[in-house]
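*Asks:* Here it is: the structure, laid out below.
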Amino acid sequence: MADVFDNSTNGQVDGGLDEDRLEEALKDLETWKTKVEKADDVKARLVLEKLEEDDIKTKAKQEMMACITKQEEYQKEFTESLQAVKEKILELGKRRQDLLDKLKRYQAQLEAKQAETTKLKQKFKIYVQIPDTEVKFTGHIVEEREDDSQPIRGVFAISQRPTVILQGGQALITFEEEKVASHILKIATCSVSCDNSRLDVKPKRIMMDPSVKFEVHLDVSRKGLCVSNVPPSMPEERMKDRLEMSFSRPSRGGGEVKSVQYNKNTGTGQITFLLPGVAESLALRGKYCVDLDSEVNVQVGPIYKYQLRKFQTFCGSSMRTILLDDIKDMGDEEDVQDYLEIHFQKPSNYGGEIECIKYISRGKALQAVFCEDMVETDN
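Heads up, the sequence shown is in full-length UniProt numbering, so the first residue is 1 and it goes up one at a time.
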C-alpha cells in the first residue's frame with residue numbers, strides 16, 4: 001500500500017510538473033507567436049520600405065541618367081561654345097592686328113601731313129616788320145556835329161610784293177613778252193659768247209616766295225579813352241570816382257564823363273566822354289595826370305577795333321622772268337651781264353626785248369622784289 005501510495009504521489013507530482021511545463025510552454029508559444037507576428041510585421045514593413053527604396057533608387061537612377069544626358073549635352077554645347085569663342089578671339093586678334101597696322105600707317109601718314117603742314121606754315125608765314133610810313137589820308141570831308149558819335153573809320157590796304165633769293169652765279173632776266181621767256185625755258189642749255197670763250201647757262205623757271213594781300217578795317221572811338229598803368233592804391237568804386245573827377249576837369253583837357261570802367265587786377269580802364277573830341281585830343285598826349293592819393297601820370301590811348309579782311313596769299317612764278325643758273329665767273333659782273341643781255345636780245349637765239357636783267361657773281365646773294373604787271377585799259 002505504501003509503495004502504491006508513493007507511486008501515486010509521484011504521479012501527481014509529475015502531472016503537476018507537466019501541467020506547469022505545459023503552461024510555461026504555452027506561454028512561451030504565445031510569446032513566440034507574438035514575436036513571430038512582430039517579426040512578420042517588421043518583415044512586411046521592411047519589404048515595403050525596400051520596395052519604396054527600390055522605387056526611390058529607380059527614380060534616382062533615372063534622374064541620374066537624365067542628369068548625365070544633360071551633362072553630356074551641356075558639355076557638348078560648352079565645347080562648341082568654347083570653340084566658337086576661340087575662333088572669335090582669333091578673329092578679333094587678327095582684326096586687332098589689322099587695326100594696329102592700319103593705325104601705324106595712318107600715324108605715319110599723319111606725321112607726314114603734319115610735317116608738310118609745318119613746312120607750308122613756315123613757307124607762308126610772314127616775318128616782315130612794316131616800317132614807319134607817313135600816311136596821307138584822302139577822302140570826302142564831312143562837317144562834324146557836336147553830337148556825332150560815329151567812330152573814325154579807316155581802311156588800310158597792305159600788299160606784300162613777291163620776292164626771290166638770287167644766289168651767286170645766277171641771273172634774272174625779265175623780257176617784255178611772255179612768249180620769249182616761254183621759248184627760252186624750252187632750251188636746256190644756252191651757250192653765250194664771251195670774247196674768245198663761251199659760257200653755258202641753264203634757263204629755269206623761278207618760284208617766288210609766297211606773298212599776301214589784305215585789308216585792315218579800323219574803327220577808332222570818338223568818345224572812348226583807354227587808361228592803363230593805374231596803381232591799385234584804393235578800392236575799385238573809389239578809384240572810379242577819382243578817375244571820373246580827374247577826367248572831368250576842363251583845365252587838364254578833360255570833359256564831362258558819361259561812364260567809367262576800371263579793372264583793379266590789370267590796372268586798366270575805359271573812360272567814355274559825353275561829347276566827341278575830348279578823347280581824341282587826350283589820346284594824342286599819351287599821358288594824363290589823375291588825382292589819387294597823390295597826382296599820378298597814367299597812360300592814355302585811343303579805343304579802337306580792327307578787322308582783317310580780303311586776306312589773299314599768292315605763290316607762283318613769273319611769266320616774263322626766267323632764272324639763269326650755273327653761270328661761271330668769267331670776269332667783271334657788268335661784263336658778264338652785258339654778254340648775257342646781248343645774247344638773249346637776239347631773235348636768232350630765241351630772245352627778245354629785255355625789260356631788266358641782274359647778274360651776281362659767286363659768293364654773293366641778294367633778294368629780288370617783283371611788281372605786279374599793270375594792265376592798261378582804254379576808257
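C-beta: ideal position from N, C-alpha, C; glycine also.
1) Measuring only from the beta carbon, is residue 170 closer than 7 Å to any heavy atom that is part of the ligand ADP?
2) Where residue 365 and residue 168 are concerned, what is the direct C-alpha to C-alpha distance, given to the nearest angstrom?
3) Considering only the beta carbon of each residue, do residue 194 and residue 339 sit closer than 8 Å?
4) Quick check on this structure: which residue in 297, 370, 235, 289 has the alpha carbon closest to the alpha carbon of residue 264?
5) According to DSSP, residue 311 sits in a beta bridge with which residue or residues?
6) Helix or strand or just coil, what does DSSP make of residue 211?
7) Name the two residues that bound the continuous beta strand (DSSP E) containing residue 320.
8) Which whole runs of the beta strand (DSSP E) in the stretch 17 to 54 are 3 residues long or more, in chain order?
9) Between the alpha carbons of residue 298 and residue 206, how many angstroms are there, rounded?
10) Mind checking whether residue 352 and residue 176 have CB atoms under 8 Å apart?
11) Out of 199, 201, 46, 300, point me to the one whose CA is closest to residue 247's CA.
12) Name the DSSP beta bridge partners of residue 171, please?
13) My parser needs the alpha helix (DSSP H) runs of 4 or more residues fully inside the stretch 61 to 98; what are they?
14) Which value, in whole angstroms, describes the spacing of the CA atoms of residue 359 and residue 323?
15) Ends of the alpha helix (DSSP H) at residue 180?
16) Given a cut-off of 8 Å, decide if residue 220 and residue 151 are closer than it, judged by their beta-carbon atoms.
17) Under 8 Å, do residue 257 and residue 244 count as touching if we go by C-beta distance?
18) With DSSP run on the structure shown, which of helix, strand or coil describes residue 223?
19) Which of the three DSSP states, helix, strand or coil, is assigned to residue 189?
20) Taking residue 302 as the reference, give the member of 283, 231, 161 with the closest Cα.
21) Less than 8 Å separating the beta-carbons of residue 225 and residue 173?
22) Answer with buried or exposed for residue 188, where buried requires no fewer than 16 other C-beta atoms within 10 angstroms of its C-beta.
23) Looking at the strands, I want to know which residues DSSP matches up with residue 384.
24) When you compare each of 311, 242, 166, 73 to residue 362 by their alpha carbons, which one comes out closest?
25) When the Cα of residue 154 is compared with those of 329, 215, 164, which residue comes out closest?
26) Decide if residue 68 is buried, meaning its Cβ has at least 16 other Cβ atoms within 10 Å, or exposed.
27) If you check the beta carbons only, do residue 309 and residue 183 fall under 8 Å apart?
28) At what residues does the beta strand (DSSP E) containing residue 258 begin and finish?
29) Return the CA-CA distance between residue 252 and residue 289, expressed in angstroms with no decimal places.
30) Could you check the C-alpha separation between residue 209 and residue 356 for me, to the nearest Å?
31) Is the beta carbon of residue 163 less than 8 Å from the beta carbon of residue 369?
32) For the beta strand (DSSP E) containing residue 273, list its first residue and its last residue.
33) What residues are listed by DSSP as bridge partners for residue 368?
34) Please go through the same chain and pick out, in chain order, the residues whose beta-carbon is closer than 8 Å to the beta-carbon of residue 312, but skip the five residues on each side of it.
35) Give me the Cβ distance between residue 107 and residue 327, rounded to the nearest whole Å; I'm assuming they're in contact under 8 Å.
*Replies:* Based on what the coordinates show:
1) With respect to the ligand ADP, the structure shown offers nothing to examine, as it has no ligands at all.
2) Taking the sequence shown and counting its residues from 1, one reaches residue 365 at position 365. Taking the sequence shown and counting its residues from 1, one reaches residue 168 at position 168. Between residue 365 and residue 168, the C-alpha separation is close to 6 Å.
3) Mapped onto the sequence shown, residue 194 falls at position 194. Mapped onto the sequence shown, residue 339 falls at position 339. Cβ distance < 8 Å, so residue 194 and residue 339 count as in contact.
4) By 1-based counting over the sequence shown, the position of residue 264 is 264. Comparing Cα positions, the closest option is 235.
5) Locating residue 311 in the sequence shown gives position 311, where the first residue counts as 1. Residue 311 pairs with nothing; no bridge assigned.
6) For the purposes of this step, residue 211 is taken as residue 211 along the sequence shown, with counting starting at 1. In this structure, residue 211 counts as strand in the three-state DSSP scheme.
7) Your numbering for residue 320 matches position 320 in the sequence shown. Neither: residue 320 is in no beta strand (DSSP E) and is coded neither H nor E.
8) none
9) The count along the sequence shown starts at 1 and reaches residue 298 at position 298. The count along the sequence shown starts at 1 and reaches residue 206 at position 206. Distance between the alpha carbons of residue 298 and residue 206: 54 Å.
10) Start at 1 with the first residue of the sequence shown, and residue 352 comes out as number 352. Start at 1 with the first residue of the sequence shown, and residue 176 comes out as number 176. Yes, they are a contact pair.
11) As a working note, residue 247 is residue 247 in the sequence shown. Among 199, 201, 46, 300, the Cα nearest to that of residue 247 belongs to 300.
12) The residue given as residue 171 occupies position 171 in the sequence shown. The partner list for residue 171 (beta bridge, DSSP) reads 324, 359.
13) none
14) Taking the sequence shown and counting its residues from 1, the one referred to as residue 359 is at position 359. Taking the sequence shown and counting its residues from 1, the one referred to as residue 323 is at position 323. Distance between the alpha carbons of residue 359 and residue 323: 10 Å.
15) The residue given as residue 180 occupies position 180 in the sequence shown. Per DSSP, residue 180 belongs to the alpha helix (DSSP H) from 178 to 185.
16) If you number the sequence shown from 1, residue 151 lands on position 151. If you number the sequence shown from 1, residue 220 lands on position 220. Yes.
17) Counting from one through the sequence shown, the residue named residue 257 turns up at place 257. Counting from one through the sequence shown, the residue named residue 244 turns up at place 244. In contact: residue 257 and residue 244 (Cβ atoms closer than 8 Å).
18) Here residue 223 refers to the residue found at position 223 of the sequence shown. In the structure shown, residue 223 sits in a strand (DSSP, three-state: E or B).
19) On the sequence shown, residue 189 is found 189 positions in, with the first residue counted as 1. In this structure, residue 189 counts as coil in the three-state DSSP scheme.
20) If you number the sequence shown from 1, residue 302 lands on position 302. Closest by alpha carbon: 283.
21) Along the sequence shown, one-based indexing puts residue 225 at 225. Along the sequence shown, one-based indexing puts residue 173 at 173. No, they are not a contact pair.
22) Position 188 of the sequence shown, counted from the first residue, corresponds to residue 188. Burial call: exposed.
23) There is simply no residue 384 to check, as the chain begins at 1 and stops at 379 in what is shown.
24) Sequence index remark: in the sequence shown, residue 362 carries index 362 (1-based). Residue 166 is the option with its Cα nearest to residue 362.
25) Translated into positions along the sequence shown, residue 154 becomes position 154. Checked all of 329, 215, 164; the closest Cα to residue 154 is 215.
26) Reading the sequence shown from its first residue, position 68 is the one you call residue 68. The residue in question, residue 68, is exposed, as its Cβ has fewer than 16 Cβ neighbours within 10 Å.
27) By 1-based counting over the sequence shown, the position of residue 309 is 309. By 1-based counting over the sequence shown, the position of residue 183 is 183. For residue 309 and residue 183, no; Cβs fall outside 8 Å.
28) Taking the first residue of the sequence shown as 1, we reach residue 258 at position 258. 257 to 263 is the extent of the beta strand (DSSP E) around residue 258.
29) As a position in the sequence shown, residue 252 is number 252, starting the count at 1. As a position in the sequence shown, residue 289 is number 289, starting the count at 1. C-alpha separation (whole angstroms): 8 Å.
30) Here residue 209 refers to the residue found at position 209 when the sequence shown is read from its first residue. Here residue 356 refers to the residue found at position 356 when the sequence shown is read from its first residue. Those two C-alpha atoms are separated by around 20 Å.
31) To locate residue 163, count along the sequence shown from 1; it is residue 163. To locate residue 369, count along the sequence shown from 1; it is residue 369. Against a cut-off of 8 Å, the Cβ pair of residue 369 and residue 163 comes out as a contact.
32) As a working note, residue 273 is residue 273 in the sequence shown. Start and end: 268 to 273.
33) Indexing the sequence shown from 1 puts residue 368 at position 368. Answer is 164.
34) Reading the sequence shown from its first residue, position 312 is the one you call residue 312. Result list for residue 312: 212, 213, 214, in chain order.
35) Here residue 107 is taken as the residue at index 107 of the sequence shown, counted from 1. Here residue 327 is taken as the residue at index 327 of the sequence shown, counted from 1. Not really, about 46 Å apart at Cβ, beyond 8 Å.
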